[in-house]
Each structure stands twice: as structure tokens, then as C-alpha cells.
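Q: Protein chains in written order, with my numbering: chain A, 14 to 279; chain B, 56 to 428; chain C, 14 to 322. From the three backbone atoms N, C-alpha and C, an ideal C-beta is built for every residue, glycine too. A quick note: this is a predicted structure, and the numbers were derived from the prediction, not measured.
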Amino acid sequence: MRAPDGPPVTAGDVLLSIDNVSLSFGGVKAVSGVSFDIRKGEIRAIIGPNGAGKTSMLNIINGFYHPQEGVITFKGEARSRMRPHDAADGGIARTFQNVALFRGMTALDNIMAGRTLKMRRNMFWQMLRVGPALAEEVEHRHRVEEIIDFLKIQEIRRTPVSRLPYGLQKRVELGRALAMEPELLLLDEPMAGMNIEEKEDMSRFILDVNDHYGTTIALIEHDMGVVMDLSDRVVVLDHGIKIADGTPNEVKSNQAVIDAYLGVAH
Amino acid sequence: MFYRETGQFKSSYAADMQIFPIRQDRIALWVVLALAFIGIPLLNAFHIWPFGSEYMLRAILIPFLILSLAAIGLNILTGYCGQLSLGSGAFMAIGAYSAYKFATGVHLPFGLFDLSIPPLPMLPSILLGALMSAVVGILFGIPSLRIKGLYLAVATLAAQFFFDWVFIRVKWFTNYNSSGSVSAPDLNFFGFVVNAPIERYLLCLVFVAIFALLAKNLVRGNIGRQWMATRDMDIAAELMGIRPLYAKLSAFAISSFIMGVAGALWAFVYLGAWEPLAFSIDRSFQILFMVIIGGLGSILGSFLGAAFILVLPILLDQVPHALGVPISVETVSLLVFIITGALICWLLIVEPRGFARLWLTGKEKLRLWPYPY
Amino acid sequence: MIAFGQFLEVLVSGLLAGVLYSLVALGFVLIFKASGVFNFAQGAMVLLAGLALVRSLDFMVGKGLPFWAAIVIALLFAAVVMAITAWMVERFVLGPLINQDGLTLFMSTIGVTFMIEGGAQMLFGSDVYPLRLFPSDAWFLFESSFPGGILVSKIDVWGGMIAAVLVVGLALFFQKTKTGRALRAVADDHAAAQSVGISLNWIWFIVWLVAGLVALVAATVWGTKLGVQFSITFLALKALPVLIIGGFTSVPGAIVGGLIVGAGEKLAEAYLGPFIGGGIEYWFAYVLALAVLMARPQGLFGERIIERI
């Protein structure tokens, strides 16, 4: 599937590209003929007014929706549709617009669940929980504790996530995605509903993830200040069509974008 | 004051990941185990109340242990993996009848593929019977990949009614016994024949202790997290690479396996001779209630729920009797209906995680006692 | 000709028996449509309504009231019992459980089932009580075409007619009345319905009341056919596969599903039964439902659900 012994990818190489992808539900077009790419190591923002097809785009990338047309190329491999499991296995992790944590589990267990794909011991070892199975569990606990330290959520480890305030839930969800050690991290409105301090914290975490781990990030965000500060490149969607693509400054001065956001007199 | 973990420092994650990280809890567990394995047999041997009588063992402790095991099985499926099942009775029945067939010799006259297995010893028979139950569990779990919740409940009802019918109508399973009832073979384990009530009790205890530990290990390990993730938010779980196929079907398999063991024990050790009615839909509901009342998603809760459901009718019968106002058997059974139903509604409203969560909350309070802040 | 006559007879009796399943299934659909609650207690409600009816009827006939007056009073009494039940269920169980997920609500109705079953039998007794509201003899149709004719039980025909009236009435209620529209609004979105001033508690009471009255109607037919007894609740369980086949949200689905199950199990019993040991009726409906689930999870008439995240 993957080509581990292919040429090494350097920063700036294309990690994922979307070519002419269209998705519709019944007669409703959610995305039509969109093309853009995400380069290794960058922070790529996807913006647009409500209903522009941003979340649908993320759903296509990690295989939850299957587009009717177009090609998705991830790490050099072209396919007409991703499958959720392949996407996760290939290193795509994501957070959700409305927090989608496992509500009955503690913060620690939520993040540990992110390690699922990395754990190899089968059920019978787990049942006995001795030797290699226990060692594996401990090893992954170490990795998870690093993430917990990184996100500064040590004191809520054992708290069921349903009892946490919204901002912390978002942070645990980021932790769960990080536990997958993704190459591409999709963030769907990571700062929705947050106050200024929480937004600053979250921005710092996103930049740190990008810096420390070199994780490529694609994010959807409505706060233009955040988008302009964080992202390297921005793609703008409106009514399922790409209307602009470029650096934050290029996009900011693009007439089509201004029209889409402010509306034009018809 | 006495129940506090202050000063108990953990220097490794392994220590932090024990079943009971707090020392007092571990001591309590060892005390309970010592009482169960050594204390009760001693009390029984010296005829000391309340464990001196056969009644206590036969009518309370043995069914309590076996039904707890069945409740653990259902809790894995419903409490941990979120797949509602109304067919527990069927999976217990499959375990019981398959174990019976293995213990008395399997002969399938299929022409060319004549299959004959000589009678097997007791332990492999029970385990193979449970394996059959697991296989059928997987089969009936397949619809769970397409359907959820209530729809699945109907699929498990199909299992319940279908196997009720199979064990009544297909005489092969009852070795063509004309009455349709079946007598368990000798409980011969490695040459030792289990017979006296106290021996039967210890046999059940060994099974329950082993399977409870294995189940606990599973639910706190990777597969357990996959089950709970599937239960809480199946789509997010799938997008994280948790395969719904593997998570759900493994829950069905493990759950039915444990229920199969419980079914075999129920038939062989508790009943001795049984009819298909022993595993009817009433049994399924009884076990479901144990799980809901004891606590969805809790191994401890399975024990608490089983204890409650078993003790309630006995209390309703004995207490008014002792007070001099005996209630008729029929009234007791109707009262059990009403109280169980009301308790389920009440728990779902105030504490959906059942007695087990109330117990935990109590322990939290105790940790802080006597200074609650 | 004998074979075909027999086939017709089995088919007709199956279809008419299916109407009885439809009657119970209707109650399920009503509550599910209007509150998203899958009401396991519908069968228990049939038992309760039947017991209330037959016991008060016997009591008043025993007191020397004329039969027609006794029937009217007994029906009223049973309706009041169902109203009280609806109020209590809403007030003490579903009201406090507002905004819980479907599985929790479903399990709570299992609790309600046991409370109703226990309470009904404690109040009204737990024997088999014969009920005679409809003639229970049979017609023999087409005696000229088939030897012996086709046996059709009158009570089944009555059941069919009552079901038809009920469906038309319910359809009018849902489509034409203000309460009906409110019910549909609640079914779509609890919070949104509340925000436009619809009282959830009132709506839920109405729904459970209507479901209780549907249960009463089912009880009159079933009670006449089989006598009012506990085993009615097991027959009522068959409404579950009926719903799976018809779709949980569809009134026509409940009717067609009932007919399919009724005819299917009678035909299977008559033509497959002799080969695999009889008693197929016991599980046929469930296995049929399982097959439908695999092929078309939303049922024949249900709405397809698109998942979002």
C-alpha cells in the first residue's frame, strides 16, 4: 500500500492532492470540481461561509464520504475514494466540529483509544495481560502521558470526558488525534465556541504540533484572525466551489473572496 | 479516614494500571476471595449459620455465581460495546446443549461426511459448548454491522425464539429423549466427580473467578477501549481506525462464549436436569435486568445486579413471613415484576450506570470523609 | 381445487391474523413517530386494557346491568385506566428522561412493561378471562367453488374492519388536527418543537393516551379471540418484527408488515411445517424480520437515514 522505500519526502512535497472532486447527496451538490493540494509540513486552512462544503471536504479526505467524481492522491497513491480505515492507517487523524469524544470514557482512555492502530497484541494476550501484553500497554501509556503533558491536562486524566468543560473536551480530542501520530491532522473548527484565552492556547498547541512533530495540518476555522496568523496557505470554498487559493495575504485581497463573505449586489 | 490513598505513591505505570490502584481496595478483594474460597467451605463443613445449610448454597450462592457470570457476558456486549441483546437465554442454551452433546458423544449421520466424536471429558465439553455459542453469537452479530440499537434487539430476539424452537423440536440435541428433558452427565473433572453442594459451589466459584478476571483484563485493555469507543461514538471510532467489524463481532464472540459457559454451568451444576424452558426469554430479561440494575459497563455491577435480582424475591417472601403477614407466592412474583420495573426506571433516571456507580460515588465520599472538602 | 381452496383459506386466515399484529404495531409506530421512543410496553398495555375491560364488564353484568350499558361503561372505564397509565408514564418515567438517547428510553419502557404487567395482574387478577364482544363463529365462503368452502372467522373480519377505521382515523388525526401537527413536529426535533411553544409533556401524554386507546381496541379483538390472559403480551412481541418489516415510522408500513407476517407465518406453518417439525409460527416472523434487516435496514416503508458528523 504505502511505499516506505520510495524517495524521501522533503518539506514542501505534496502530501495529499484533491483533483476535480465532486460530491452530491441526492440532487444536492455539496462539493463540485474542487482541486487543491496539501504540502508536507504546512498548515493549510480551508475557509468559506457556512454551507460551503468545508466539512464535507474533510469527510472526503478521511473517507467518511465517498465522492462521485475525482481523484484523491495521498502519499503518491491515487484513488477515487478513501476508506476510513485506510485513511487512519495511512496517518490521517482528525477532530470534529461538534466534539466527538467517547463520552463514557475517561480522558486517559480516550487518548489511549487513539493508540489502537499501534497496538499489536491480540485479544488472547490482552485477556491474560501478562508479559508482552502488559509491556505494550505500559509503553503506549508512556506515549500517551507525553501527550497529556504536552497539552497540560494532567489533572483531568481520570475524569470522564462528559464532565469536562467544552474547552478541555476540545483539548482531549486534539490529544486523541495526536495519539495516532498522524502525518496529516484534520482540525474541524478547533476554536469554535472558545473565548480569547482558550483560542490563544489552542493556537499555540496547533503551532507546537506543527513545529515539534512536523505534522501537516489542515484546518477549518471561521476566525479570520486565527486563520491569517496560523496558516501557510488558504483555500476558500463557496457553495462547494473553490473560489481562491493562496497565501493568507493573496486570499485577503481576492475580490471573489470579499464578495463571498460580504455578499454582492446582484 | 481509613479509606484514603494518601502516601501510596506509584512509581510505574504498571502499578498505576492495576485493577485496584488503592491498597484498601486490594485488601478488601483478597478478604472477599478468602471468604469465598476458604471461609464458606469451612463454615459449611462445621454447619455454621448461614452457610451450614444446603439451601444457602443450592438456592442462593450457586445461582448467584452462575448468573453473575452470564451477566458479565451480557455486560460485555451491552454495557461495554453498546449492542442491546434480548437473546442471552438462547446463547446460554446453546452452551448448555452443545456441552451436553460433546459430553455424551456427537454423531452426525451426513452420509459421506459421517461425523462422530466420542464422548469428551467434562471440561473440554463445557469449553467447546461455549465455543459453539461464540460461533452462533458471531453469526447473529453480523446484522449489527448494518443496524443499531433497537433493530439489533429484534435480531437477538430472533435468535432467542429460533433456538427455543430448535431445542424443543430437534430431538437430536436431547439425544431423542422422549420427554424432551435432559439429565446432565457426571461432573467428572480430571477424575474427581463433583457432587456435594459445596463442591458444586467451589466449581462455579473457580469458573466465575477466572472468567471475571479475564473479562476485566479485556475491558481495560485495547479491545475494551475499542468496544467502548464503538458504543459511545461509532463513527468517530471508525475514523480513528477502529474496525466496527472487529470490535462488534469480537464483543459478540466473547460475550456469547461467557454466556455459553454460564449456560453449561446452569444446566449441569445448578439444574442437573433441565428443559428448554430453563433458557426462555424470561431468562434473557432476568439477565438484562441484572446488567441494567447492577451497572452497564461494570464487571462489579454484574455481581451486584445478580445478587439483587436473586435476593429480591427471597426477601419479599421471607420478610413478610417473618413479620407474620405472609404474602401468597403469586403476589410475590407480581411484586417482583413491579419492583424490578420501577427500580430500572428509577436507576435510568438518576444513575444510568446502576448500583456499581452508586458504589463508586459512595467510595469517593468515603475517601473525603469526615472532611468533605 | 382442494389444494387451491386450502391455500386460500390459509392465506385469508393469515392475513386476518396479521391485522391483529398490525393493531399492536400501530401503537408502537404512533409513539415512535411522535416521541422517538420505542415503546416496548405496548403489549403490556394491551394486557392492561383487556383486563380492565373484561373485569369491569364481568363485574357490571354480575350486578345485573344490561349488556350494552355494561359494555359502554366498561369501555369508558378501560379508557380512563389507559389515560391514568399514560399520565403516570409521562409524569414519572419519560418526563424525567427527556433528551436521553434512544437506547436508554427503550430500556426504560422495558421497566414500564414489567410495572404494567405486574400492576395490571395485581389489580385485575391473573387468570384467563373470556371476552365476548364479537361473534366468534365462522362463515364458509365460496362453497360452490371449493368443497367445504373457505372458512373465515367472523371475529377476524371484525378485527380487519376495526383496524381500517382506526387507520383512517389516525391518519386524519395526524394530518388534519393541530395536535397531530404538533406531534409530527415533536417527532422531528424535540428542542425545536419546544422553542415554538409546543409542550412536550402534553404531547407525550397525548401520544401515550392514543397508544393506550389503540391498545384497548386491540384488546377487544384479541380478547374475544383468545380470552384476556398474560400470554397476550408474547403475541404482542410479534409486533416488533412487524415493525422491522414495515419500517418504524410508517403507519401503512405497520399494516402491510402485519399482513406479511400474518400470512407468511400461516403459509410457512402449513407448507413448510410438516417438513421441519412444525411450530414454525413461533420464530418465523423474527427470522423474516432478520432477513429484511439485512437487505433493507430501514424497512419497506421507513425513511432512509443519512449519517452526519
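Taking only beta carbons into account, state which residues of the region 63-78 of chain B come closer than 8 Å to chain C, listed in chain order.
A: none
Q: Closer than 9 Å, Cβ to any Cβ of chain B: which residues of the region 258-272 of chain C, in chain order?
A: F261
Q: Would you check if there are 3 or more beta carbon pairs closer than 8 Å linking the region 286-297 of chain C to the region 209-220 of chain B?
A: yes
Q: At the level of alpha carbons, what is the spacing between B/N250 and B/L124?
A: 21 Å
Q: What are the partner residues of A/V248, as DSSP defines its beta bridges?
A: A/I59 and A/D258
Q: Take every Cβ of the region 110-118 of chain B, pair it with every Cβ of the region 184-193 of chain B, and state whether three or more of those distances are shorter than 8 Å.
A: no
Q: May I ask you to report which of helix, strand or coil DSSP gives A/G64?
A: coil
Q: Where does C/V262 sit, in a helix, a strand or coil, going by DSSP?
A: The identity of residue 262 of chain C in the sequence shown is Thr, whereas the question assumes Val. It is coil, neither helix nor strand.
Q: Could you check whether A/N75 and A/L199 sit closer than 8 Å to each other, using their CB atoms as the reference points?
A: yes
Q: Could you check the C-alpha separation between A/Q81 and A/S37 for me, to the nearest Å?
A: Distance between the alpha carbons of A/Q81 and A/S37: 7 Å.
Q: Are B/L141 and B/T211 touching if we call contact CB-CB under 8 Å?
A: yes
Q: Would you mind listing the alpha helix (DSSP H) stretches within the region 81-130 of chain A that are 4+ residues and don't spill past its ends, in chain order?
A: Considered as a whole, the region 81-130 of chain A harbours 97-102 and 120-126 as its complete alpha helix (DSSP H) runs of no fewer than 4 residues, in chain order.
Q: Kindly list, in the order they appear in chain A, the residues whose Cβ is closer than 8 Å to that of B/N130.
A: Correct list: empty, because the minimum Cβ distance to chain A is about 13 Å.
Q: Is DSSP giving A/N223 helix, strand or coil here?
A: helix
Q: Output needed in chain order: residues of the region 192-214 of chain B with a Cβ under 7 Å from some Cβ in chain F.
A: Absence of chain F from the displayed structure is noted, the protein chains being A, B and C.
Q: What are the partner residues of A/I233, as DSSP defines its beta bridges?
A: A/I59 and A/D201
Q: Check whether the Cβ atoms of B/L132 and B/M345 sit closer than 8 Å, and answer yes or no.
A: Their beta carbons are not under 8 Å apart, which means B/L132 does not touch B/M345 by this criterion.
Q: In chain A, what lies closer than 7 Å to B/R338 by C-beta?
A: The premise fails here: B/R338 is roughly 26 Å from chain A at the closest Cβ pair, so nothing lies under 7 Å.
Q: Using a Cβ-Cβ cut-off of less than 7 Å, give me the residues of the region 91-102 of chain A that come near chain B, in sequence order.
A: P97, H98, A101 and D102
Q: Would you mind stating whether A/M193 and A/A106 have Cβ atoms separated by less than 8 Å?
A: yes
Q: For a contact meaning CB atoms closer than 7 Å, what does B/W85 contact in chain C?
A: Here the premise fails: no neighbours, minimum Cβ distance about 35 Å.
Q: I'd like to check one pair, A/H153 with A/R128: are the Cβ atoms closer than 8 Å?
A: A contact, by the Cβ cut-off of 8 Å.
Q: Along chain C, which residues have their Cβ under 8 Å away from the Cβ of B/A125?
A: In chain order: nothing, as chain C lies at least about 18 Å away.
Q: Quick one: what does DSSP say A/K53 is sitting in, helix, strand or coil?
A: coil
Q: Quick one: what's got a C-beta closer than 7 Å to B/A158's C-beta in the same chain, skipping five residues either side?
A: Spatial neighbours of B/A158 in its own chain (CB-CB distance under 7 Å, excluding positions within 5 residues in sequence) are listed in chain order as P174, L175, M177, S180 and P240.
Q: Counting only beta-carbon atoms, is B/W104 nearer than 8 Å to chain C?
A: no
Q: Could you give the residue range of the alpha helix (DSSP H) that holds B/V225?
A: No alpha helix (DSSP H) holds B/V225; DSSP gives it neither H nor E.
Q: Closest by CA to A/M204, which one among A/M237, A/G54 and A/D245?
A: A/M237
Q: Between the region 205-221 of chain C and chain B, which residues of the former have CB atoms less than 8 Å from a CB of the latter, in chain order?
A: none
Q: Tell me whether C/Q242 is buried or exposed, calling it buried when 16 or more other Cβ atoms sit within 10 Å of its Cβ.
A: Here C/Q242 is buried, its C-beta having at least 16 other C-beta atoms within 10 Å.
Q: Under 8 Å by Cβ, that's how I've got A/E150 and B/G276 pegged, so tell me the actual separation to the nearest angstrom.
A: In this structure A/E150 is in contact with B/G276, their Cβ atoms being roughly 7 Å apart against a cut-off of 8 Å.
Q: Please go through the same chain and pick out, in chain order, the residues whose beta-carbon is closer than 8 Å to the beta-carbon of B/A291, but skip the five residues on each side of it.
A: A284
Q: Against chain C, which members of the region 370-388 of chain B pass a CB distance test of less than 9 Å?
A: E385, T386 and S388
Q: Spell out whether any CB of chain C is found under 8 Å from the CB atom of B/A416.
A: The sequence shown places Thr at residue 416 of chain B, not Ala. Output row for B/T416: interface = no.
Q: Can you pull out the residues from the region 124-141 of chain A whose beta carbon lies closer than 8 Å to at least one beta carbon of chain B?
A: Listed by position along the chain: M125, A126, G127, R128, T129, L130, M132, R134, M136, Q139, M140 and L141.
Q: State buried or exposed for C/I257, treating a residue as buried only when at least 16 other CB atoms are found within 10 Å of its CB.
A: Counting the other CB atoms within 10 Å of its CB gives C/I257 a total of 16 or more, which places it among the buried residues.
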